[in-house]
Every structure is written in structure tokens, then in C-alpha cells.
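2 protein chains.
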Amino acid sequence: MHKEKMQIKNEKIAIPNLQKIFEATFKLSNTHGFQGMSLRDLSKETGISMGGLYSYIGSKNDLASVIEGVQRKYIEQVLDGILKEKLAPKESLRAIIFSEIYMMEIMSSWYYFCFMELKGLSKEQQNFALDNELRGEEIIMGIIKDGIEAKQFICEHPELLASQVVAQLQQWHLKQWKFKLRGVNTEEYASYVYSSLLTCLSAEIN
Amino acid sequence: MHKEKMQIKNEKIAIPNLQKIFEATFKLSNTHGFQGMSLRDLSKETGISMGGLYSYIGSKNDLASVIEGVQRKYIEQVLDGILKEKLAPKESLRAIIFSEIYMMEIMSSWYYFCFMELKGLSKEQQNFALDNELRGEEIIMGIIKDGIEAKQFICEHPELLASQVVAQLQQWHLKQWKFKLRGVNTEEYASYVYSSLLTCLSAEIN
DNA sequence: GTCTATAGTGCGATAGAC
DNA sequence: GTCTATCGCACTATAGAC
Numbered sequence: 001m002h003k004e005k006m007q008i009k010n011e012k013i014a015i016p017n018l019q020k021i022f023e024a025t026f027k028l029s030n031t032h033g034f035q036g037m038s039l040r041d042l043s044k045e046t047g048i049s050m051g052g053l054y055s056y057i058g059s060k061n062d063l064a065s066v067i068e069g070v071q072r073k074y075i076e077q078v079l080d081g082i083l084k085e086k087l088a089p090k091e092s093l094r095a096i097i098f099s100e101i102y103m104m105e106i107m108s109s110w111y112y113f114c115f116m117e118l119k120g121l122s123k124e125q126q127n128f129a130l131d132n133e134l135r136g137e138e139i140i141m142g143i144i145k146d147g148i149e150a151k152q153f154i155c156e157h158p159e160l161l162a163s164q165v166v167a168q169l170q171q172w173h174l175k176q177w178k179f180k181l182r183g184v185n186t187e188e189y190a191s192y193v194y195s196s197l198l199t200c201l202s203a204e205i206n
Numbered sequence: 207m208h209k210e211k212m213q214i215k216n217e218k219i220a221i222p223n224l225q226k227i228f229e230a231t232f233k234l235s236n237t238h239g240f241q242g243m244s245l246r247d248l249s250k251e252t253g254i255s256m257g258g259l260y261s262y263i264g265s266k267n268d269l270a271s272v273i274e275g276v277q278r279k280y281i282e283q284v285l286d287g288i289l290k291e292k293l294a295p296k297e298s299l300r301a302i303i304f305s306e307i308y309m310m311e312i313m314s315s316w317y318y319f320c321f322m323e324l325k326g327l328s329k330e331q332q333n334f335a336l337d338n339e340l341r342g343e344e345i346i347m348g349i350i351k352d353g354i355e356a357k358q359f360i361c362e363h364p365e366l367l368a369s370q371v372v373a374q375l376q377q378w379h380l381k382q383w384k385f386k387l388r389g390v391n392t393e394e395y396a397s398y399v400y401s402s403l404l405t406c407l408s409a410e411i412n
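For the record, the sequence lines run as chains A and B. Start counting the first sequence at 1; every next residue gets the next number (the working numbering). Start counting the second sequence at 207; every next residue gets the next number (the working numbering).
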């Protein structure tokens, strides 16, 4: 995705270095914040010189922007994949919850970075992110409403229940330290979010 | 609280100016992040000169630190007030949810700032904040367990249900833009969080 | 109690050797 | 493709006039 913007043309060199840059950015941003991280820090952490960094990124802000772009594209692909399957309401909710949580597991640093550093991005990218959050919530709300019409669910406030699920999903990347401390694993958490949702929908848990 | 550290001794001058400084900090941090905000920005926003600012704060980092300290003290006072009342499990949960949400309503900028800028604070303050989150969750979990023992509640995973409530509470300051957009008011949201919790506890809603 | 002026530092970014 | 050296700037913080 980032190919065309890069000065380094040899992929065998470019890809491992880009990976190093992303990982170091996540690490340093998690301790100092992206604005608090200097390119000198990043240079030390990656082992790439200041000058060298600039053949991989256009500018410091460009680096944050690229990370957000890659993350957004990935999520869109996965979500669209699920929606294409046209599952029944219950299975659809299950698929969304489990895939989002497993996705966060794999890309947890990306999620966390994008959430915490959203402010530093361009207005355009901020709007994309907010729209994405609304869209995610509306998809869940839509499925709940479909289930209500099909007499499978009972729920007074579908919009608030949807936001409850979104809140629980986000906790999985925002508060990983807490779940690790409590010894809750990915599978357990996803199962809980799903069963709690079914309880609030007055639906039977299989 | 911040009195002893300040150079300005006349309260009638100091308090309004400190207020201006806090509000401007919240505003600028919400758009650029605290690290991204310069004291020149803060000087322009408050109308106080660079030199003037330094008679109110010890340093830039000190400003963030003071904000976190004030916020923490406030929350502790309110929580302790509720726990002293020794209410029945249901009423206790209700009191915690409603007071926390109304508190966030009043001090929303403070909550948001402390959440987003936690990284920039000293290790000591970070630990305080994390402990506070754990403590808040444990209080809720404890009340749920009390209610289970008293045969008032049924719940398989008290610790996950407690984290669900904490997640929902945090959304109220993290995502205020969303609730405003959806036209959800404070009272409605607090009621929903409470009734959703009772549903998950298989308890009757009065 | 508030200001302007400025010291001193560390930043993002680039040029050009290798 | 990677490095070192360096430019110019914006930052935090302070000194001292008013």
C-alpha cells in the first residue's frame, strides 16, 4: 500500500525495515505518545539513521497517517467479508464479535495506536475513523433490529445495546493489561461478550 | 490543592486565571494532544503571557500532573461517600453508576484529559490511575458477588460483568460526540447501563 | 502580578559523501 | 541504500523591567 510513496525500491530490504519502523513507533508511542516520540528516538530504536528513515517515510506525520491507512483498509476487508456471507442474525453477531476480537488480538498495537493518536491525524482521516465507528455500531444495530422484526430478539434500546457491544470490543485493545492481569484469554472474552449480548436480547444461549 | 506550589498569592486573581489555564489546556489537548500543545499556544488561548504562565505552573509537565491529581482526589471523595452509605447491592450499583456518570458529565474534560494523556505522566501517577481503575472494577465486582451470595443475583462471570459496566461508564466521556449525535442524554444513558446490568444479573428491574 | 526579551536546547528535515 | 553533518526553527524556561 505504501509502495508508491517510498524511495527504497528493493522489497527485500524495504519490507523488513518498514516493519521495524512500525514496531518501534508502536513501542515508543505507547510510552511517550506519538507527539512525544522524536525521530532521534525512532532512529535509535530501529537502528536506522535519521537520514535513512526519510527514505521510508515522507515526514513524521506521514508515518502516523500511513499506519492509520493500512489499519483502516484491513478492517474494511474483514468486515465486508463477513457481511457478504449473509448469515442469520445470531450467527452474524457472533461472527462480528469473534472476528473483531481476534483481529484486535493480531493487530492490537495498530488498534491502540490509531485510537490514541487519532487527534494527530488530518481532519480527513479523523472523519474516516469516526465514520467507521458509527458504521460498525450501525451494522450491529441493524442486525439487532432485523432479529427483533424476525421475533428472535426482544430489546428496548437497540442503539444503546449496540454501543454496549462496541464499548466491550474496544476494551479488548484499550485495556489488554487488565485482562492479562485477570487471566482472561481471547476466546473467553469473545464468548462472554457474545453471551452477554444474547442475554440482553432475551435470546437463548445455545 | 495546588495552592502551595503557586507564586500568585491573591486568590481572587489566581483562581480565575488557573481556571482559564485548565480550560485552555483541555481545549488544546483535545485537538493537538498535550505533547502537541506548545506553551505559546496556551499563552495565546488564555491571554496570559509565556512568563505569566510560569507563575501559575512549575513546568509544562507539572500542569498535566496537577490536573491528574485534582481529578483523582475528586473521584476518591465521591466514591468513598457512596461506600460509606452501606446500601443494599442493587441500590449500591445504582448509586455508583448514576454518580459516576453524572460526575463525568460535570468533569468530562478532566476525565478525557486524564485518560488520553496518562502516558505523559510520571510512572507513579500512571500506577495510581491503573490502580484506581482496578479498584473501581473490584468494588462493582464485590457488590455483584455480595448480591449473588444473598441470592439476589445470578451471574456466571462477575469479573467480566464488572468490566462490562466499567467499559460502558468510560464510553460516556470517551465518546460524548457519539451520544450527542444520537441524542442520548445523561439520564437515559445511566438508566440504560443500570437496567442492562440488572438484566445480566437476571434480576428484576423495579 | 504581568510583561518582553532572550538564553539554551532539541527538534524535523535535507544535502551530499560513500 | 545508508550514513554523517548541519541548517534553521520552535520549543521550554528564565531573567529582569515595569
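The beta-carbon is built from N, C-alpha and C at its ideal position, and this holds for glycine as well.
- Counting the other CB atoms within 10 Å of its CB gives A162 (chain A) a total of 16 or more, which places it among the buried residues.
- Take the alpha-carbon of W110 (chain A) and the one of Q71 (chain A): they are about 6 Å apart.
- Residue environment: Q170 (chain A) is assigned as buried (16 or more neighbouring CB atoms within 10 Å of its CB, all protein chains considered).
- At a cut-off of 9 Å between C-beta atoms, S328 (chain B) does not count as an interface residue with respect to chain A.
- Per the C-alpha coordinates, the member of B:T405, B:R246, B:E393, B:K209 positioned closest to I350 (chain B) is B:T405.
- One alpha carbon belongs to K211 (chain B), the other to E394 (chain B), and they sit about 41 Å apart.
- Under a criterion of Cβ atoms nearer than 7 Å, the residues of chain A adjacent to G239 (chain B) are, in order, G33, Q35, K119, G120.
- The C-beta distance from L285 (chain B) to T231 (chain B) rounds to 25 Å, too long to meet the 8 Å contact threshold.
- For Q377 (chain B), the C-beta contacts it makes with chain A under 9 Å involve S163, Q164, V166, A167, Q170, in order along the chain.
- Taking a Cβ-Cβ cut-off of 8 Å, the neighbours of S402 (chain B) in chain A comprise L160, L161, Q164, C200, given in sequence order.
- Collapsing the DSSP output to three states places F240 (chain B) in coil.
- Chain B places no beta carbon closer than 9 Å to that of V78 (chain A), leaving this residue out of the contacts.
- At a cut-off of 9 Å between C-beta atoms, K178 (chain A) counts as an interface residue with respect to chain B.
- Y54 (chain A): not part of any alpha helix (DSSP H); DSSP gives it neither H nor E.
- R300 (chain B) is classed as buried because its beta carbon has at least 16 other beta carbons within 10 Å across all chains shown.
- For E105 (chain A), the enclosing alpha helix (DSSP H) stretches over residues 89-106.
- Using a CB distance cut-off of 9 Å, K9 (chain A) does not count as an interface residue toward chain B.
- Collapsing the DSSP output to three states places S202 (chain A) in coil.
- Here DSSP, grouped into helix, strand and coil, assigns N132 (chain A) to helix.
- G120 (chain A) and G239 (chain B) do touch by the CB rule: their CB atoms are close to 6 Å apart, below 8 Å.
- Cβ neighbours of M141 (chain A) within its own chain (closer than 7 Å, five residues either side excluded): P158, E159, A162.
- Look at F228 (chain B) here: in three-state DSSP terms it is helix.
- In chain order, E365, L366 make up the part of chain B whose C-beta sits under 8 Å from the C-beta of V184 (chain A).
- Pairing S65 (chain A) with Q35 (chain A), the inter-Cα distance amounts to about 13 Å.
- Y317 (chain B) is outside the set of residues whose beta carbon lies under 9 Å from a beta carbon in chain A.
- The beta carbon of G353 (chain B) is closer than 6 Å to those of P295, F359 in its chain, skipping five residues each way along the sequence.
- A check of alpha carbon separations from N223 (chain B) across B:Q382, B:V372, B:S408, B:G258 identifies B:G258 as the nearest.
- The beta carbon of M116 (chain A) sits closer than 9 Å to some beta carbon of chain B.
- Taking S249 (chain B) as the centre and dropping the five residues before and after it, the same chain places the C-beta of S255, M256, L259 closer than 7 Å to its C-beta, in chain order.
- The C-alpha of A335 (chain B) is placed about 30 Å away from the C-alpha of Q125 (chain A).
- Residues of chain A with a Cβ closer than 7 Å to the Cβ of Y398 (chain B) are, in chain order, H157, L160.
- Here A356 (chain B) carries a coil assignment [DSSP, helix/strand/coil].
- Between Q374 (chain B) and S402 (chain B), the C-beta gap is smaller than 9 Å, which places the two residues in contact.
- Interface with chain A (9 Å Cβ-Cβ cutoff): N338 (chain B) is excluded.
- DSSP, read as helix, strand or coil, puts M207 (chain B) in coil.
- In the displayed model, E45 (chain A) falls within a helix according to three-state DSSP.
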